[in-house]
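For reference, the structure discussed in these notes is given below.
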Amino acid sequence: MEWPVLTWIVFLPLLGCLVILLLNKTWHNAIRWTALITAFIDFILTIILFWKFNGSNTDMQFVVGPLPWIESFGVTFSLGVDGISILLVVLTPFLTAMAIASSWTSITEKVKGFMISMLLLQTGMLGVFVATDLFLFYVFWEVMLVPMYFMIGIWGGGRKIYAAVKFVLFTMFGSLLMLLAIIKLYVMTSPDPLLRTTDFMTILNMKITPDLQVWLFLAFALAFAIKVPLFPFHTWLPDAHVEAPTAGSVILAGILLKMGTYGFLRFCLPLFPDATLQFVPLISILSLIGITYGALIAMVQKDVKSLVAYSSVAHLGFVMLGMFALTAQGVTGSILQMINHGIATGALFFLVGVIYERRHTRLIADFGGIAHVMPLYATVFLIVTLASIGLPGTNGFVGEFLILLGTFKVNPVYAAIGTAGIVLAAVYMLWMVQRVFFGKCEKEENKKLLDMNWRETFIALPIVIMIFWIGIYPKTFIDKIEPSVNKVIETVKSKALVEDESDFQAYDSSREKALEKKKANK
Amino acid sequence: MLPYSWIIAALPLLAFILIVFFLNRSNKISSYFSIAMVLTSFVLSCIVLVQVLDDPAPKEYWVDWLTFGDYGMSGAGQITTEFESDESHQIPKLHPETIEPEYERHESGDTLDIAIDNNAEDLDDITLIAAIHHEEPSEHDSEHHLSFKEPQRHGKKGSFVIPLGIYIDPLTAIMLMVVSIVAGLVQIYSLGYMKGDPRFARYYAYLSLFTFSMLGLVLAGSYILMFVFWELVGLTSYLLIGFWFEKKIASDAGKKAFVTTKIGDLGFLLGLAILIFAVGSASLPELDYMIANGQISENLMPLVAIAGILMFCGAVGKSAQFPLHVWLPDAMEGPTPVSALIHAATMVAAGVYLAARMMGIIMISETMMYVVASIGAFTAFLAASIGLVQNDIKRVLAYSTVSQLGYMMMALGLAGFTAGTFHLMTHAFFKALLFLAAGSVIHAVHTNDIQYMGGLSKKMKITSKTFLIASLSISGIFPLSGFWSKDEIFAVAFEGGHYPFLVVGILVAGMTAFYMFRLYFLTFTGEPRDKHAYEHAHESPKNMTVPLIILAVLSVCAGWVGIPWLYKGYSSFVFYGAVHHADPNIILMLISLIVASSGIGLAYVIYVKKTITAEAIGRAFKPIYTFLYNKWYFDELYMATIINPTYWFMEVLFKFDQLVIDGIVNGFGKVTLFTSWIHERFDTYVVDGAVNGAGYMSMFFGKHIRKIQTGQLQTYALFVFLGAVVFMFIKLI
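Written as structure tokens, this is what we have:
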């Protein structure tokens, strides 16, 4: 058996946690360095993973397990990575390392707890992306709520308790239904309780009646839609983003939101193809509403952070739109856009954090003309802004263009409305940039602002590199994801509309009857 | 050289990168390096032009950028599956079998070849454009071996490819030349103009980036790549308009420019998507070839036409055509050399360039051609009318630019490929000259307002002379370059029988001559109206005047390549060497000359002789004057109908989000809290109440009952007795 690299990637941060636990809580720098080094080594491991990853193979790679975990319930420990998750796996430690570095001087209280939370989060998120067992997935999904809750609740801003509670309750509400659906799927795997399993591959090969699919799809989709967030489940997001500390916002926007879109792509689409096809119009329309609605609201925000938060609603709408186009370009663009959004919005939150640390305000009106005093900062901010509005040459363009092409093929009207969102994005982002950076630097407090220091520059550099790399030569990344994307689309299209009802053997008949009864009652 | 012509664009990019990362500490090195690079580009462009002159057949060079394997999205044929299944559209498969008959038809020699043989005396541009993209017989022209190959196919079987590549044909070569020479001169000029600016090196970095993007746009071989550079020039335009970002008005203008053109670009992007899905290709030559050879099925033609209209929206935005013209005058807040380079000579002309490239698509539909021509004509008139009354020297020139771009669009809409692109070239020179000369004036008197100028010709000899030359050229005075290109446009309108357009064109020509000379007389002749400014005025340094002189020479001579009597002039060159002229129409030339001179004459009478004063006219036509002075109230109209309602709507939407959507969420929370409160009460008073009650009861009874536990035997005996009595009673009853 080869070296279980995925296990290491997932649990290395946990190891870092243990080391930090042993450190005295006043040794702030030692704690910070430990956390950073752990995240960085993890990042290196994922780079190697990406390097070795065979793009043309559409199966799970670097598979770990399935090892028996909770044997009596058939729950296994199994990990694997394919084209859909590979980029997210690389992105996670990348952004975590960035987030840790960005909170170097801004987090001075309870540093130990903070860094432990960060590393725990990292394990949770990586686990979500590589788990190939539904129960394991669920565990990671929930585990990651805890550190995030503390992060917002302890190190957050003014309304931190409200935001943290809202975030957790909202997410829990959705994921409980998902747990029900997972249990249902588990029960369906075999009539014999001893043979049941939560292994994803087994469940994937199962045939589920279209009627049942609808319910299961809804249960999963609610959990994911809240996470994405899809309109109208988005209101936790501005609160959580605004109140969270910089690192928390970076992780929230950069990775946590992607868990929702990833969930759709990994579970909802291939498991419930009939339901997926049925819900395409609904989800597409919700995405379009999200795109325009988020953009319009972003425009009137007075706080830079909530502006970026609402822009996330719009961008994630784009991701969902491309995904539910169910075309190679659309879904590929959607995955790429997840990464792009992670990089660009993560970077925006980081940059807002930079200025917040200096001025302790994020209100647009408090700034103006700071391009004079912080030229480097202004340049980086502008580059990230341009990436965020999808200017050609930056990563945003490639993703948006592919999504546009993919959606257009299926529904030109959706594509047209979606594209209008790009113009709106240009308006609110550039307007914000103008009010923050341009004009005369009149406020006394702003005149003394220091430009980015070496640490901040060092964080910004890889971001800028990635923005241009994906923007100019996306082939590196698309080659890795595209075959897997095709497979998913194929699965959806070929599995959908199964005609032979007798094929459904693994059925919990009593539940099925109950369901039918319910339907009849309706 | 041709396969390496990407170097032309790459050199300014190199300058940009080096300045940003290494050279920016030194203003001098930055600027000199940037100028050196753009001049090298210019030299290379000249080489390209010479090579293309030698062999005008189009060339294309490609690399694959993005490939989607295994999707079965092969080039043209496959893409239609969606359409086939939905609307039963058919598309001819691009197999050699279908192309073969085309070859045969040509070998047998059809009417087209004969037409070219006959020196194409009566060929109009339409047939020529159609003809050019046919398989070209090589033996018909002894001087030039026209060897047109079938354009390279990009959709390989089983894959969807987005290729990157360059396409070089005579129009490309000319544009390369124009862009690199104007960019070079503007950069040299900026040495003087921008001297002492705190962000001097950054300015040169931006200029280099712009030059790179513009050259890239011209070289682009596919509409996708063109779109990429299209957006990049938009970006650099944004950066340079807002270069002096301390001024709110400048950063506002930059944003306005970016957003307004972005609206047009939205159309471009959607049009691109349609093209890719309808035809399966965005390559310039491949598309033209397919349209010309009927390789796109009839069913798909309407889709292609729609794509054309949408892409034309992009051109409308970039070339500041009605209704998206509002950004260009505001863009004058940028440094004047920038206005000359970007907002007069090159970038705004990119819209016209795009339209010219799309001629094959535009000509699919008659209606669309009329749309293009009408937008062009209306814009030409609209902008010229506003230009009549403005007082800011740069804004007059800006409106003049919009108006001239409208001319070019009109020419293209009337199928005047030659006329449109020819005017594009001559306009680039004289308009760049006008702006640079205006910049020289502004540099001297530190104001843009012509009301504070006057009499400057005595102090600024070179500037005033070159400005005069450019004014004569744009007014269309024989034999300057503007005369020839404008005449070509009139000729197109006349020959096609589009008389309304011809009338508009001539009317606008008169207006142009008037406002240009109003500008000239008010600025350079008469008594100085601001003594202080006049005294400080001085001729600009050499590095500013030399570019003026070079451009003046070009403004005079550049048009000579298109003199209609030439056997093989400009028009023949852009048609790949096929001999072609429009008939020189002496009467038309005379009319245009008379109109132009009367415009100049009128300006002379009003502003020099003062026989009729401008104020008197202003008073007499007060409503019209106010209407024109306020630019037809377009800004106010857009403000009232689009921007303000949107803003209001956004505020409402935000309130909706907070009150309704978040209200529901919080409402859930409240309901939950309320239920818990009830539960809590229930718990405290009922459940716990019962428990406590039970305890209380036992305490209560214990407390009272214990009183009978006296310890006295008599009392107990009494109780026993009483009990027995009660018992007996019960028994008895």
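Read top to bottom, the protein sequences are chains U and P. Following the working numbering, the numbering of the first sequence begins with 1 at its first residue and continues without gaps. Following the working numbering, the numbering of the second sequence begins with 1 at its first residue and continues without gaps. Just so it is clear, CB atoms sit at the ideal spot from N, CA and C, and this is done for glycine as well.
* To do: Measure the C-alpha to C-alpha separation of Phe224 (chain U) and Asn395 (chain U) and round it to an integer number of angstroms.
  => The residue labelled residue 224 (chain U) in the question sits at position 224 within the first sequence. The residue labelled residue 395 (chain U) in the question sits at position 395 within the first sequence. Using only the alpha carbons, I get a separation of about 25 Å.
* Looking at the C-beta of Leu404 (chain U), does it have a partner C-beta in chain P at a distance below 7 Å? -> Your numbering for residue 404 (chain U) matches position 404 in the first sequence. Leu404 (chain U) counts as touching chain P.
* To do: Would you identify the three-state DSSP class for Val396 (chain P), choosing helix, strand or coil?
  => Taking the first residue of the second sequence as position 1, residue 396 (chain P) is located at position 396. The answer is helix: DSSP assigns Val396 (chain P) an H, G or I state.
* Interface positions of the region 293-312 of chain U facing chain P (Cβ-Cβ less than 7 Å), listed along the chain -> Tyr293, Leu296, Ile297, Met299 and Val300
* Which residue comes first and which comes last in the alpha helix (DSSP H) that contains Ser56 (chain U)? -> In the first sequence, residue 56 (chain U) corresponds to position 56, counting from 1. Premise fails: Ser56 (chain U) is in no alpha helix (DSSP H) and is neither H nor E.
* Asked: Which value, in whole angstroms, describes the spacing of the CA atoms of Gly736 (chain P) and Gly569 (chain P)?
  -> This structure leaves residue 736 (chain P) out entirely; chain P is present only between 1 and 733.
* Asked: Does the distance from the CB of Pro285 (chain P) to the CB of Pro170 (chain P) come in under 7 Å?
  -> Looking up residue 285 (chain P) in the second sequence gives position 285. Looking up residue 170 (chain P) in the second sequence gives position 170. The answer is no: Cβ separation not under 7 Å.
* Asked: Taking Cβ-Cβ distances shorter than 7 Å, what residues in chain P pair up with Thr419 (chain U)?
  -> Taking the first residue of the first sequence as 1, we reach residue 419 (chain U) at position 419. In chain order: Leu266, Leu269 and Leu270.
* Should Gln709 (chain P) go down as buried or exposed, given a rule of 16 or more other Cβ atoms within 10 Å for buried? -> The residue you call residue 709 (chain P) lines up with position 709 of the second sequence. So Gln709 (chain P) ends up on the exposed side.
* Asked: Do you know how far the Cα of Ile462 (chain P) is from the Cα of Lys549 (chain P)?
  -> Taking the second sequence and counting its residues from 1, one reaches residue 549 (chain P) at position 549. Taking the second sequence and counting its residues from 1, one reaches residue 462 (chain P) at position 462. At residue 549 (chain P) the sequence reads Ile, which differs from the Lys that was named. Roughly 8 Å between the two C-alpha positions.
* To do: For the alpha helix (DSSP H) holding Val10 (chain U), just list the boundary residues, first then last.
  => Numbered from 1 along the first sequence, position 10 holds the residue referred to as residue 10 (chain U). Looking at the DSSP string, the run of the alpha helix (DSSP H) that includes Val10 (chain U) is Val5 to Leu22.
* **Same chain, Cβ closer than 6 Å to Phe42 (chain P), five either side skipped, listed in chain order** => Taking the second sequence and counting its residues from 1, one reaches residue 42 (chain P) at position 42. The residues are Ser180, Ile181 and Gly184.
* Which partner residues does Thr76 (chain U) have in the DSSP bridge list? -> The count along the first sequence starts at 1 and reaches residue 76 (chain U) at position 76. Thr76 (chain U) pairs with U:Pro68.
* To do: Whole angstroms is fine: what's the gap from Trp677 (chain P)'s alpha carbon to Tyr262 (chain U)'s?
  => Taking the second sequence and counting its residues from 1, one reaches residue 677 (chain P) at position 677. Taking the first sequence and counting its residues from 1, one reaches residue 262 (chain U) at position 262. Each residue's alpha carbon lies about 39 Å from the other.
* In angstroms with no decimal places, state the Cα-to-Cα distance between Ala460 (chain U) and Met432 (chain U). => Here residue 460 (chain U) refers to the residue found at position 460 when the first sequence is read from its first residue. Here residue 432 (chain U) refers to the residue found at position 432 when the first sequence is read from its first residue. Roughly 20 Å between the two C-alpha positions.
* Asked: Could you give the residue range of the alpha helix (DSSP H) that holds Met320 (chain U)?
  -> Residue mapping note: residue 320 (chain U) aligns to position 320 of the first sequence, counting from 1. Unbroken alpha helix (DSSP H) run through Met320 (chain U): Val304 to Met323.
* How about Lys578 (chain U): is its C-beta nearer than 7 Å to some C-beta of chain P? -> Beyond the ends of chain U as shown, which are 1 and 522, falls residue 578 (chain U); an answer cannot be given.
* Asked: Going along the chain, which residues of its own chain have a beta-carbon closer than 7 Å to the beta-carbon of Ile31 (chain U), five neighbours each way excluded?
  -> Here residue 31 (chain U) refers to the residue found at position 31 when the first sequence is read from its first residue. Hits under 7 Å: Ile20, Leu23, Val111, Lys112 and Met115.
* Asked: What residues of chain U sit near Ala273 (chain P), judged by a beta carbon separation below 7 Å?
  -> The residue you call residue 273 (chain P) lines up with position 273 of the second sequence. By Cβ distance, chain U contributes Leu404, Leu405, Phe408 and Ala415.
* Looking at the C-beta of Pro3 (chain P), does it have a partner C-beta in chain U at a distance below 7 Å? -> The sequence position of residue 3 (chain P) within the second sequence is 3, counting from 1. So, not an interface residue.
* Helix, strand or coil for Pro285 (chain P) per DSSP? -> Sequence index remark: in the second sequence, residue 285 (chain P) carries index 285 (1-based). Residue state for Pro285 (chain P) is assigned as helix, using DSSP reduced to three classes.
* Nearest chain U C-beta to Phe21 (chain P) closer than 7 Å, yes or no? -> Mapped onto the second sequence, residue 21 (chain P) falls at position 21. Proximity of Phe21 (chain P) to chain U, defined by a Cβ-Cβ separation below 7 Å, is not satisfied.
* For Met639 (chain P), count neighbouring Cβ atoms within 10 angstroms of its own Cβ and tell me buried if that reaches 16, exposed if not. => Taking the second sequence and counting its residues from 1, the one referred to as residue 639 (chain P) is at position 639. Counting Cβ neighbours within 10 Å, Met639 (chain P) comes out exposed, since fewer than 16 surround it.
* Proximal residues of chain U, C-beta to C-beta of Val259 (chain P) below 8 Å -> Locating residue 259 (chain P) in the second sequence gives position 259, where the first residue counts as 1. By Cβ distance, chain U contributes Val423, Ala426, Val427 and Leu430.
* Asked: Who are the Cβ neighbours of Ile606 (chain P) in its own chain at under 6 Å, not counting the five residues just before and after it?
  -> Mapped onto the second sequence, residue 606 (chain P) falls at position 606. Excluding positions up to five away in sequence, the list reads Ile612 and Ala614.
* Against chain P: residues of the region 338-366 of chain U by CB proximity under 7 Å -> Those residues of the region 338-366 of chain U that come within reach of chain P (Cβ to Cβ, closer than 7 Å) do not exist; the list is empty.
* To do: Return the Cβ separation of Ala383 (chain P) and Glu333 (chain P) in integer angstroms, given the expectation that the two are a contact with Cβ distance under 8 Å.
  => On the second sequence, residue 383 (chain P) is found 383 positions in, with the first residue counted as 1. On the second sequence, residue 333 (chain P) is found 333 positions in, with the first residue counted as 1. Not really, about 18 Å apart at Cβ, beyond 8 Å.
* Buried or exposed: which applies to Asn27 (chain P), given that a residue is buried once 16 or more other Cβ atoms fall within 10 Å of its Cβ? -> Taking the first residue of the second sequence as 1, we reach residue 27 (chain P) at position 27. The residue in question, Asn27 (chain P), is buried, as its Cβ has 16 or more Cβ neighbours within 10 Å.
* **Contact belief for Phe523 (chain U) with Thr246 (chain U) at Cβ below 8 Å, rounded distance in angstroms** => No answer is possible for residue 523 (chain U): the residues shown for chain U start at 1 and end at 522.
* Do three or more CB pairs link the region 311-322 of chain P to the region 342-361 of chain P at distances below 8 Å? -> yes
* To do: Kindly list the residues whose CB is nearer than 8 Å to the CB of Thr7 (chain U), restricted to its own chain and excluding five residues on each side of it in sequence; keep chain order.
  => Residue 7 (chain U) sits at position 7 when you count from the first residue of the first sequence. Only Val64 and Leu79 meet the Cβ criterion.
* Count the other C-beta atoms from every protein chain shown that fall within 10 angstroms of the C-beta of Trp230 (chain P), then say buried if there are 16 or more, exposed otherwise. => Working through the second sequence from its first residue, we reach residue 230 (chain P) at position 230. Buried: at least 16 other Cβ atoms inside 10 Å.
* Check whether the region 202-220 of chain U touches the region 177-184 of chain U, counting contact only when three or more Cβ pairs, one atom from each stretch, lie closer than 8 Å. => yes
* Residue from P:Thr40, P:Val508 and P:Gly216 whose Cα sits closest to the Cα of Glu403 (chain P) -> Walking along the second sequence from the start, residue 403 (chain P) turns up at place 403. One detail in the question is off: residue 403 (chain P) reads as Ser in this sequence, not Glu. Of the candidates P:Thr40, P:Val508 and P:Gly216, the one whose C-alpha sits nearest the C-alpha of Ser403 (chain P) is P:Val508.
* When DSSP labels each residue in this structure, what does Ile84 (chain U) get in the three-state scheme? -> On the first sequence, residue 84 (chain U) is found 84 positions in, with the first residue counted as 1. Correct three-state label for Ile84 (chain U): coil.
* Per the contact definition of three or more C-beta pairs closer than 8 Å, is the region 478-493 of chain U in contact with the region 267-279 of chain U? -> Touching, yes, given that three or more Cβ pairs across the two stretches are closer than 8 Å.
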